[in-house]
Amino acid sequence: MKKLLIALPLFAVALCFAGAADASGGHGKHKGHHKHGHSEEVVHYYVPVQPPAPAPRYYSAPAPQPYHAPDRRSTSGLAGSVVGGAVGYQVGNGNPLAAGVGAAAGSLIGNEIGR
């Protein structure tokens with residue numbers, strides 16, 4: 074019984090130092106560098122890591138240039154549609170359809186005269 078009481082703490086202390094011996098490679102001062110019969114040294118090649126590409130920049134689209142088409146309308150077309158509408162109303166005896174046809178005809182005639 075007395076031997077067991079001495080052996081148990083001694084075994085616990087040995088277990089505490091066993092982890093430290095294993096961490097050093099178990100060889101003391103060599104720190105894990107030992108020969109296994111290799112005649113040449115192992116060389117490790119490391120591939121250089123490329124830096125990440127910069128994030129793409131997004132630019133807004135240029136503002137559209139206004140297109141100024143020549144305006145083919147004239148004030149004479151407006152005046153022709155007023156006169157044509159009045160004449161169509163009178164000729165059609167107050168019929169709104171006749172006034173509309175007269176306004177359209179007057180506008181076409183007025184625009185042709187204004188060119």
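Counted the way the working numbering counts, the sequence shown spans residues 74 to 188. By construction, the Cβ of each residue, glycine as well, lies at the ideal position given by its N, Cα and C atoms. From a predicted model like this one, the values you see are computed outputs, not experimental measurements.
Reference residue i, options the options, closest by Cα
i, options, result
"I186", "V86, S149, Y140", "S149"
"D144", "R188, P135, V164", "R188"
Euclidean distance between Cα positions of residue i and residue j
i, j, result
"L170", "A178", "12 Å"
"G99", "P124", "For G99, the predicted structure reports a pLDDT of 49, less than 50, and the residue's modelled location is therefore unreliable. A value from the coordinates is still provided. In a straight line, the C-alpha of G99 is about 40 Å away from that of P124."
"R130", "G157", "60 Å"
"A176", "A159", "8 Å"
"A142", "P135", "21 Å"
"Y118", "A126", "24 Å"
"Y162", "V174", "9 Å"
"V120", "A128", "23 Å"
"A85", "I79", "11 Å"
"V164", "A172", "9 Å"
"Y140", "S133", "20 Å"
> If you pair each beta-carbon of the stretch 150 to 157 with each one of the stretch 165 to 185, do three or more pairs fall below 8 Å?
Replying inline: yes
> Which whole runs of the alpha helix (DSSP H) in the stretch 137 to 187 are 4 residues long or more, in chain order?
Replying inline: 148 to 164, 169 to 187
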